[in-house]
Amino acid sequence: MCREIEHKFAVRSDAFKPLAVARLHIRQAYLCFGPPVTLRLRQKDDTYIMTVKGPSSRGGTTRTEVEKPLSRAEFEALWPLHRGHIIEKYRYLVPWKGRMIEVDEFVRPRPGLVIAEIELREGESLPELPSWIGEELTGRPEYQNSYMARHG
Numbered sequence: 056m057c058r059e060i061e062h063k064f065a066v067r068s069d070a071f072k073p074l075a076v077a078r079l080h081i082r083q084a085y086l087c088f089g090p091p092v093t094l095r096l097r098q099k100d101d102t103y104i105m106t107v108k109g110p111s112s113r114g115g116t117t118r119t120e121v122e123k124p125l126s127r128a129e130f131e132a133l134w135p136l137h138r139g140h141i142i143e144k145y146r147y148l149v150p151w152k153g154r155m156i157e158v159d160e161f162v163r164p165r166p167g168l169v170i171a172e173i174e175l176r177e178g179e180s181l182p183e184l185p186s187w188i189g190e191e192l193t194g195r196p197e198y199q200n201s202y203m204a205r206h207g
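Here the sequence shown stands for residues 56 to 207, numbered as in the numbering used here.
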């Protein structure tokens, strides 16, 4: 079983941009909203993925996640099933203290919203965070991508 452990944070400034080693264009759509299962399609530049996510833990940090690569044809066949539940964003990959911080700058549905995510391994604690990271948003539904896709 694959488990995802992540923390989300507000981003205070654009100070992360010069530190980024990559910038990816992402569009994703939701076909099914949990509980218990959320089903997402994601195009990350020229990569296509279907993701199945289980329910979040009580604190919102941990859940089951399984990703399956799709061909472009499979992705395009499934994409019309989203019924308008779309997210579009740019993801910046920022190395920090031996890990990668993913910073998402939303285009749709909340232009200007910027959120940082840090994934951890089992038993690992959060490192000291860079000064451009602000308030923790983990566990707050209004900052989950699936919530934003549904409610804006």
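Idealized CB from N, CA, C, for every residue including glycine. For clarity, every value in this text was computed on a predicted model and none was experimentally measured.
Within its chain, find whatever has a CB closer than 7 Å to the CB of residue i; leave out the 5 residues flanking it on each side and keep chain order.
i	result
aspartate 100	Leu79, His80
arginine 163	Ile141, Ile142, Glu143
proline 185	Trp151
When the Cα atoms are used, what is the spatial distance from residue i to residue j?
i	j	result
valine 76	methionine 105	25 Å
alanine 171	alanine 128	31 Å
tyrosine 145	lysine 123	21 Å
Excluding five sequence neighbours on each side, which residues of the same chain lie with their C-beta closer than 6 Å to the C-beta of residue i?
i	result
cysteine 87	Leu94
Grab the span of the alpha helix (DSSP H) containing residue i for me, first residue to last.
i	result
histidine 206	200-206
alanine 128	127-133
Indicate the three-state DSSP secondary structure (helix, strand or coil) for residue i in the structure shown.
i	result
methionine 56	Caution applies to methionine 56, whose pLDDT of 49 falls short of 50 and renders its modelled position unreliable; the value that the coordinates give is listed next. Coil, per DSSP.
lysine 152	coil
lysine 144	strand
alanine 75	coil
proline 196	helix
arginine 136	Reading off the sequence, residue 136 comes out as leucine, not arginine. Leucine 136 falls in the helix class under three-state DSSP.
threonine 119	strand
Could you give the first and the last residue of the continuous beta strand (DSSP E) run that contains residue i?
i	result
leucine 96	93-99
Going along the chain, which residues of its own chain have a beta-carbon closer than 8 Å to the beta-carbon of residue i, five neighbours each way excluded?
i	result
leucine 181	His62, Ile173, Leu175
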